[in-house]
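Numbering (the working numbering), first residue to last: 187 to 400.
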Amino acid sequence: MVQSPAPPILYPIIIPNGEDPARYQWFYGEDAGGHTLSFGSFRNRKLYEVSSSYLEFCIREFDPTATRNRRFLDAFQKFVYGLKVYSQTNYGDFVVPFGDTYRGMTIRQCQDRSWLDWICKQKVLREKHQLFVMAAEAFLANHNSQEAQRIGGGLTSSGYANDLNLAGYLMGPSEPREVPHEVRHAVDVVVSYVYQQPQIPGVSSDPDVEMADP
């Protein structure tokens, strides 16, 4: 069965009454998440509307020294930083980007601690879905286990493997999940990691991504 494209990393944020809209400039601002793409598979779409898989691909390929598509790169940098900060307090809003049972649900709707813990231990998912895993770790660190009620009693171990297969990956080695002791330090470390990723101009290793012409 062919699945629909991955959902966005966040659904549109509803700004609470009385709250300063400027706090969400990183999401809706034209120089951040509200930037309109002029190239690729998501041409004429807002950055916050793109699929999470496309966004994660851009994170892995991001080069802060590039001169091409400078407006996109500046907007992307602000958007990703905002997402990482937001993930530490509003982790329940992040959308599950893969699998069968929970795909398209927010972490708040899913609340399957066992499944989320398993996801955070999968090396391939930690590499491919940095933003979602960061939000899932924050949920696990801050959410009381008694408050989380599984949907249908949660998935079996075979169901976990099936979700990984549906994500398009083979089973890989697990690695321990580390919960950050200090939120700001964790954000700074991840942002630093994002900016250090190499980029090969004009070359895409992701079949779902159409790169801009030189």
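Even for Gly, the Cβ is constructed at its ideal location relative to N, Cα and C.
Closest by C-alpha distance to residue i, when choosing among the options
i	options	result
D279	Y214, A321 and E216	A321
I293	Q308, K309 and T275	T275
W301	E242, L317, Y288 and F248	Y288
L196	F265, T253 and E313	F265
R257	Q297, S238, H221 and T251	H221
Y210	V271, F225 and L311	V271
F325	A218, D303 and L233	D303
E323	E313, E216, E235 and Y277	Y277
R312	I245, N255 and R254	I245
Outcome for residue i when other beta-carbon atoms lying within 10 angstroms are tallied against a minimum of 16
i	result
G339	Bear in mind that a pLDDT of 41 at G339, under 50, signals an unreliable position, so the number given afterwards is only what the model happens to contain. G339 comes out exposed.
I201	exposed
G204	exposed
E247	buried
D298	buried
A208	exposed
Q295	exposed
A261	buried
A218	buried
Simplified DSSP state of residue i, which is helix, strand or coil
i	result
L223	coil
F280	strand
K307	coil
Close Cβ partners of residue i (< 6 angstroms) along its chain, the five nearest in sequence each way excluded
i	result
R231	L223
C306	V319, A322, E323 and R363
First and last residue of the uninterrupted alpha helix (DSSP H) at residue i
i	result
Q316	Q316 to N328
Q263	R256 to Y272
L241	S238 to E247
I171	Since the first and last residues shown for the chain are 187 and 400, residue 171 lies out of range.
Q295	I293 to C296
F213	Q211 to Y214
Sequence-distant residues of the same chain with beta carbon closer than 8 angstroms to residue i, five excluded per side
i	result
S238	A192, P193, P194, I195, V281, P283, H315, L317 and F318
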